[in-house]
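Enquirer: For the sequence shown, this note's numbering gives the first residue as 10, with consecutive numbering after it.
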Amino acid sequence: MNDFKIPDFSLTNLNISIVEIAGFLLIASVIATLLYESKKRIVNTSGDSMKPTIPNPGLVEADQNYYKNFQPRIGDIVCISFNPQWAQDLINTNIFYYENIWKLGKLNEKQREQIAKEIYNNSLVKGLACLEKRIRAVPFNKIEFRNGYLFIDGSNMHYKHNFFDIEQKQILRLTNNGIIPNNYFLALSDNADVKNGFLVDSRVFGLINFKQLLERTTKLLKKTDKGEIKIEKYFS
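(1) Taking the alpha-carbon of Pro190 as reference, which of Phe160, Ile180, Ser198 has the nearest alpha-carbon?
(2) What does the alpha-carbon distance come out to for the pair Pro81 and Phe172?
(3) Are Pro66 and Asn78 close, meaning C-beta to C-beta below 9 Å?
(4) Does DSSP put Lys235 in a helix, a strand or coil?
(5) Straight-line CA distance for Glu224 to Lys48?
(6) DSSP three-state call for Leu35: helix, strand or coil?
(7) Please give me, in chain order, every unbroken run of the beta strand (DSSP E) with length at least 3 that falls completely inside the segment 156–226.
(8) When you compare the CB positions of Cys88 and Glu141, do they come within less than 9 Å of one another, or not?
(9) Could you check if Lys135 is buried or exposed, using at least 16 other CB atoms within 10 Å of its CB as the buried criterion?
(10) Alpha carbon to alpha carbon, how far is Phe214 from Leu229? Give it in angstroms, no decimals.
(11) Considering only residues of the same chain and omitting the five flanking positions on each side of Glu70, which have a CB-CB separation below 7 Å?
(12) Name the two residues that bound the continuous alpha helix (DSSP H) containing Lys49.
(13) Starting from the Cα of Gly236, find the closest Cα among Leu68, Thr62, Ile36, Asn218 and give me that residue.
(14) In this structure, does DSSP put Lys77 in helix, strand or coil?
(15) Let me know if Arg145 comes out buried or exposed under the rule of 16 or more other beta-carbons within 10 Å of its beta-carbon.
(16) Based on the DSSP secondary-structure assignment, which residues constitute the bridge partners of Phe149?
(17) How about Ser90 and Leu222: do their beta carbons lie closer than 9 Å?
(18) If you follow the beta strand (DSSP E) that Ser90 is in, where does it begin and where does it stop?
(19) Measure how close the beta-carbons of Tyr243 and Ile217 come, nearest whole angstrom, since I'm counting them as under 8 Å.
(20) Can you name, in chain order, every residue of its own chain whose Cβ lies under 6 Å from the Cβ of Arg182, other than the five neighbours on each side?
(21) Cutting at 7 Å between CB atoms, please list the residues of its own chain near Asn150, excluding the five before and the five after it.
(22) If you draw a straight line from the alpha carbon of Gly84 to that of Asp234, how long is it in whole angstroms?
(23) According to DSSP, is Ile60 helix, strand or coil?
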């Protein structure tokens, strides 16, 4: 009986070189890129929450198809769809800022109602369709609060002011012992230490679901005196 020999599938026997493999991978990458079709739009932005990255007012380019093809990454600037259910949280949280940052003391029911009315009528809440924020943590990152400061995977995020208890609860409400579940993300403002106006980010509405990521902001644009739109900066 003849001895059975295991076939030699080594690269040498198959006469395939590393260069050929690299070439094949490059071609596959190019094909994947060509198959990906971006859907871009120009967006006017307002507010100080993303300064200095995005000025107020700002002009950016966003890709509406990006997250249909790629996974969100830490550092991505994203447009988040606004859920009307967040309105009450937004109002309550900003009343909390009135009481604590401006040291107004305990507000009675009538005062709270009046401030809530002002916030709702004079703010972004009405008809808000999109929020520009930056992804700071992705699924399976661990979120902790130590003395009010935010830590992600053990690293201090170095915000200048402590997170209030209400903000910590909003951020942690969907986690499992601080671990972000699959398909959820932490999105915060770049100018996260603004003490006037609105801090409408994960501190108000908690973690965001993947379905709420409408698009990825890819470029900062600038309109010239002649009305031409030029690229000021690429967001990697």
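Idealized CB from N, CA, C, for every residue including glycine.
Expert: Quick answer:
(1) Ile180
(2) 25 Å
(3) If you check the CB distance, Pro66 and Asn78 do not come in under 9 Å.
(4) coil
(5) For the pair Glu224 and Lys48, the Cα-to-Cα distance works out to about 9 Å.
(6) helix
(7) Here the runs fully enclosed are 158–161, 193–197.
(8) yes
(9) Unreliable positioning characterises Lys135 in this predicted model, as indicated by a pLDDT of 49, which lies under 50. A coordinate reading is not provided.
(10) 26 Å
(11) Lys49, Ile51, Thr227, Lys228, Leu230
(12) Counting along the chain, Lys49 falls outside any alpha helix (DSSP H), though it belongs to the beta strand (DSSP E) covering 49–54.
(13) Leu68
(14) helix
(15) buried
(16) Answer is none; Phe149 lacks a bridge partner.
(17) yes
(18) 86–90 is the extent of the beta strand (DSSP E) around Ser90.
(19) Not really, about 24 Å apart at Cβ, beyond 8 Å.
(20) Gly215
(21) So the qualifying residues of the chain are Ile161, Asp162, Ile189.
(22) 32 Å
(23) The sequence given here places Lys at residue 60; Ile does not occur at that position. Looking at Lys60 - three-state DSSP - the assignment turns out to be coil, as it is neither helix nor strand.
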